[in-house]
Structures are given as structure tokens and as C-alpha cells.
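Novice: Sending over a structure as C-alpha cells; questions will come in a sec.
Numbering (full-length UniProt numbering), first residue to last: 1 to 107.
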């Protein structure tokens, strides 16, 4: 059975997690303190929940862990990606393979 991805998040790549969390808190987003056991500066991934939707923030190191040859964006709005929940990492791979076979490149 072909998995059906569920759009439930947007991921924003950030160079400075502390500044990003502070800025988005001032915009009204709420981040649970449980995400920062070692402090905001050491967090590599955080999320703000807006109902069932998530706005996720990932450091450049996280991006490199998925794609080792990745380089930081050089222009505005180049660090945002849409995220779909496929249920698990293996199901995400299955979704990606399926969509790629339909000639939809994984970006």
C-alpha cells in the first residue's frame, strides 16, 4: 500500500538557535523548555506547535547530517522546507522513493 504523507510542518534552517528562538518567542510562538535540557544554544532541533502543525527549527549541522555536501543558503528564504509526516523514517524513505518514481524529484 502506498503511504500517504501528511503535511504537518515547515522546517527553518538557522545559523543561531538562540537568536532564532528569542525572535520567534517575541512573535508569539511557544517553545517547551523540555527541548533545551542543555540550554537553547546547544539545541540542534526545536519545534513550536500551532495546533497539530509544527514550525521546526534546525541548525545547519542537522542539515549536513541529512546531506553531507549541503552548504548554508546564500540568499533570503533559501533555508525553509516543507515537511510531511509519513509515520516513520523508513516510511519517509518509501514515500520519497515512490514520489521519485513518479518523476517528482526529492528536493
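From the three backbone atoms N, C-alpha and C, an ideal C-beta is built for every residue, glycine too.
Applying the criterion that 16 or more other CB atoms from any shown protein chain within 10 Å of the CB defines a buried residue, is residue 57 buried or exposed?
Specialist: Burial call: buried.
Novice: Can you say whether residue 59 is buried or exposed, counting buried as having 16 or more other CB atoms within 10 angstroms of its CB?
Specialist: Under this definition residue 59 is a buried residue.
Novice: How many whole angstroms separate the CB atoms of residue 49 and residue 62, which I take to be in contact at a CB cut-off of 8 Å?
Specialist: With a Cβ gap of about 19 Å, residue 49 and residue 62 do not count as contacting.
Novice: Rounded to the nearest angstrom, how far is the Cβ of residue 5 from that of residue 84, given a contact under 8 Å?
Specialist: Their Cβ separation, rounded to whole angstroms, is 4 Å, which keeps residue 5 and residue 84 in contact under 8 Å.
Novice: Output the distance between the C-alpha atoms of residue 3 and residue 10, rounded to the nearest integer angstrom.
Specialist: Taking the straight line from one Cα to the other gives about 20 Å.
Novice: Can you name, in chain order, every residue of its own chain whose Cβ lies under 7 Å from the Cβ of residue 24, other than the five neighbours on each side?
Specialist: So the qualifying residues of the chain are 48.
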